[in-house]
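Here the protein sequences line up with chains A and B, keeping their order.
Residue numbers for the first sequence follow this note's numbering, so the first one is 1 and each next one is one higher.
Residue numbers for the second sequence follow this note's numbering, so the first one is 524 and each next one is one higher.
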Amino acid sequence: MTDLTRHTAAELAAQLADGTTTSVAVTQAHLDRIAAVDGTIHAFLHVNPELSLAAAAASDARRASGKPLSDLDGVPLAIKDVLVTTDMPSTSGSKILEGWMSPYDATVVTRAREAGLVPLGKTNMDEFAMGSSTEHSAYGPTRNPWDTDRIPGGSGGGSAAAVAAFEAPFALGSDTGGSIRQPAHITGTVGMKPTYGSVSRYGAIALASSLDQVGPCSRTVLDAALLHDVIGGYDRHDSTSLKDAWPSFAEAARSGAQPGSLKGLKVGVVSQYAGEAFQTGVMTRFRESLEMLAAAGAEIVDVSLPSVEHAVAAYYLILPAEASSNLAKFDSVRFGMRATIAGGGTVEQVMSATREAGFGPEVKRRIILGTYALSAGYYDAYYGSAQKVRTLIQRDFDQAFASVDVLATPTAPTTAWKLGEKLDDPLAMYAQDIATIPANLAGIPGISIPSGIAPEDGLPVGIQFLAPARHDAKLYSVAAGLEALLHAQWGGPLTSQAPDFDTAVPTQSARSVSPTQSTRGGA
Amino acid sequence: MSDISEDRVRHLAGLARIDLTNDEVTHLTAELSKIVDVVATVSAAATDDIPATSHPIPLTNVYRDDVVTDDVLTTEQALSGAPEHDGSRFKVSAILGEEQ
């Protein structure tokens, strides 16, 4: 296919290197695609074609003079709006930060720029990354390219949908309880949550600091690995950053894709993730993937993680507690919105009116819950107990990884649901993260790759692999091994099978060619 | 059962500096009661002998030299996103109300 948006980042890098195409051509193709489909999908909160094309032209000049910054120089990248950028607004999906321009770049953005990647724009997300459907964005929901009446997952539904709809070859996301992996499962794409501390959180607008981790979203395992190689590694600006020397994840993915790489691999299947909560088609594709792994020489064993039963409860104490503290910075003084009240009011009254007007319902719900969990008399019973559950879950993982190389689970219990379906039932929404949350509580890496399409509804399904902390390379290797088998069966990435969605009927959030005008640009 | 009442939600909203409307208080009281019933189950799982984990990958003594580096924000940058400032400081409305 000659359409440049259908190529992977790795293929685009090769074409840029051998001069078959230019970064300006590749970037323009993606901007055209965004202009054509994003009125329907609404994956982007902000694009700035002039800025992107200028970065692309600079990349072409570097290539012409034989001095590319990296193998990926000139490849376009979408950036989740939780990551701050100096040249585009950063809102984290919230009204309270509408139009806000950061005076500095997030470290991962700096590293992407230093590698010559071309920023395409900022992607939609649940407000402050609180949600599993992107419906909690203050700027309207993103729609799933597989079925535009359905949610794209969350909180990083914008990044996942952008990649699935061929608006970007890859994207940056953030994962606090599954916000990279669950949207990957829902949209038939790849999403990786790295080991806690292995990718800098500097400039990622904090949700829950002990859980947040930045990572890549893409259509193939290799593309995720290539992006991870760019953004990962120690950063002195993040005091939780690990000083480990990391291997090449792209190399791990390439060698994992070779025949025979899965031979002798020990895969633990987590027995807790089965049963009624899990949709039939999700389990069917999960079991098929396990059979493929076994046929390729992997050994499949059952593993029990008894404490994950308490993971969701612990998570919904730890996250709100940390979020209520992190979001205290939105005080109407230093940045963002300030409400005006009659007679001026005191600074506290202005602050309270601003936070009432600037935060959406899910953010308020979690801040109040977190404030409750941290109050005197409740701290030990709630927050303290949740931290003990964290220890129990880490111990379960330690025990499991003593006998297996990786663990496998379905990434999430169901396929994409209809927009609005779970909005009035926060607990039903929270239950979607049952299989992804434990990795964040334990700090270990997890990856979701497509395992097929659920027969009952024709929607994509993902399989998740988990590895011990610091063994991110193992995940790329195993995921690439299974992906190679699946791609051989499908004839290419799962996203190639996505039906063409109807772009003729713009949704209420549809905008003209450049969404730039729809967000208040600049401070 | 949880002890979430409308009065408690109003008190928590005051601590969190969010002016909730009466409707929001009613809604949140109902929702939080259900949510707290679920999350409270953690106390049954956590016994006294289990240590707490606050951080997934523990690091200790993350220090740096106490010197100003060349990548700190300038005053102008720090003020660039403020709703109101006087060129060198953030401006706010009255700190104290009439009754204080």
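Ideal placement from N, C-alpha and C gives every residue a C-beta, glycine not left out.
Keep in mind that this is a model prediction, so the values were computed, not measured.
Check                                                                                                                                                                          : Outcome
What residues in the segment 599–615 of chain B bring their beta carbon closer than 8 Å to a beta carbon of chain A?                                                           : Gln600, Ala601, Ser603, Gly604, Ala605, Pro606, Glu607, Phe613, Val615
Once the 5 residues before and after Ser137 of chain A are set aside, which same chain residues still bring their CB inside 7 Å of it?                                         : Gly93, Asn124, Met125, Asp126, Glu127
Report the residue from A:Ala296, A:Leu369, A:Pro455 whose alpha carbon sits nearest the alpha carbon of Ser324 of chain A.                                                    : A:Leu369
Contact criterion: CB-CB distance below 9 Å. Does Ile368 of chain A meet it with respect to chain B?                                                                           : yes
Just to confirm, is the Cβ distance from Asp433 of chain A to Tyr315 of chain A under 9 Å?                                                                                     : yes
At a CB distance below 9 Å, what residues from the segment 168–183 of chain A approach chain B? Give them in sequence order.                                                   : none
Examine chain A for any beta-carbon lying closer than 9 Å to the beta-carbon of Thr583 of chain B, and answer yes or no.                                                       : no
With contact counted as at least three CB pairs below 8 Å, one residue from each stretch, are the segment 245–253 of chain A and the segment 467–474 of chain A in contact?    : yes
Give a yes or no on whether the C-beta atoms belonging to Ile318 of chain A and Arg390 of chain A are separated by under 9 Å.                                                  : yes
Along chain B, in chain order, which residues have C-beta atoms closer than 9 Å to that of His310 of chain A?                                                                  : Thr564, Val565, Ala567, Ala568, Ala569
Going by other Cβ atoms of all chains shown within 10 Å of its Cβ, with 16 needed for buried, is Gln213 of chain A buried or exposed?                                          : buried
Output, in chain order, the set of chain B residues within a Cβ distance shorter than 8 Å of Thr436 of chain A.                                                                : In chain order: nothing, as chain B lies at least about 14 Å away.
At the 9 Å Cβ level, is Val590 of chain B part of the contact set with chain A, yes or no?                                                                                     : no
Using a Cβ distance threshold of 8 Å, determine whether the segment 530–542 of chain B contacts the segment 351–359 of chain A, with at least three qualifying pairs required. : yes
Helix, strand or coil for Lys368 of chain A per DSSP?                                                                                                                          : The residue asked about is misnamed: residue 368 of chain A is Ile in this sequence, not Lys. Helix.
With respect to the beta strand (DSSP E) encompassing Gln464 of chain A, which residues constitute its N-terminal and C-terminal limits?                                       : 460–466
Residues of chain A with CB under 8 Å from Glu554 of chain B, in chain order?                                                                                                  : Arg365, Pro426
Tell me, please, which residues DSSP counts as bridged to Ser150 of chain A.                                                                                                   : For clarity, residue 150 of chain A is Arg in the given sequence; the question names Ser instead. According to DSSP, Arg150 of chain A bridges with A:Lys418.
May I ask you to list, following chain order, the residues of the segment 341–354 of chain A that have a beta carbon less than 7 Å from some beta carbon of chain B?           : Gly344, Gly345, Thr346, Val347, Glu348, Val350, Met351, Ser352, Ala353
DSSP three-state label for Asn440 of chain A, please.                                                                                                                          : helix
Quick one: using the 10 Å Cβ neighbour count with 16 as the cut-off for buried, is Leu596 of chain B buried or exposed?                                                        : exposed
Measure the CB-CB distance between Gly420 of chain A and Glu135 of chain A and report whether it falls below 9 Å.                                                              : yes
If you measure between the beta carbons of Lys388 of chain A and Pro574 of chain B, is that distance less than 9 Å?                                                            : yes
For Val565 of chain B, count neighbouring Cβ atoms within 10 angstroms of its own Cβ and tell me buried if that reaches 16, exposed if not.                                    : buried
Are any of the Cβ atoms in chain B nearer than 9 Å to that of Glu98 of chain A?                                                                                                : no
Taking the CB atoms as reference points, tell me whether Pro76 of chain A and Pro119 of chain A lie closer together than 9 Å.                                                  : yes
Would you identify the three-state DSSP class for Thr8 of chain A, choosing helix, strand or coil?                                                                             : coil
If you measure beta-carbon to beta-carbon, which residues of the segment 67–89 of chain A are closer than 8 Å to chain B?                                                      : none
So Arg533 of chain B contacts chain A; which residues on that side make the cut at Cβ distance below 9 Å?                                                                      : Residues of chain A passing the Cβ test: none, with the nearest at roughly 10 Å.
Give the residues of chain A in contact with Asp546 of chain B, contact being defined as C-beta atoms less than 8 Å apart.                                                     : Ordered by position in chain A, no residue passes the 8 Å Cβ test against Asp546 of chain B, which lies about 11 Å from the chain.
From this set, A:Pro169, A:Gly343, A:Ala112, A:Tyr139, which residue's C-alpha is nearest Gly99 of chain A's C-alpha?                                                          : A:Tyr139
Once DSSP output is grouped into helix, strand and coil, what is the label at Asp300 of chain A?                                                                               : In the sequence under discussion, the amino acid at residue 300 of chain A is Ile, which differs from the Asp named in the question. Correct three-state label for Ile300 of chain A: strand.
Are any of the Cβ atoms in chain B nearer than 9 Å to that of Ala245 of chain A?                                                                                               : no
Determine which residues of the segment 381–414 of chain A have a Cβ less than 8 Å from any Cβ of chain B, and write them out in chain order.                                  : Ala381, Tyr382, Gly384, Ser385, Ala386, Gln387, Lys388, Val389, Arg390, Thr391, Leu392, Gln394
Leaving out five residues on either side along the sequence, give the residues of the same chain with a beta carbon under 6 Å from the beta carbon of Pro506 of chain A.       : Legend: pLDDT at Pro506 of chain A = 45, less than 50; position of this residue unreliable, value from coordinates given subsequently. Only Gly39 meet the Cβ criterion.
When you compare only the Cα positions, how much space is there between Leu582 of chain B and Thr240 of chain A?                                                               : 7 Å
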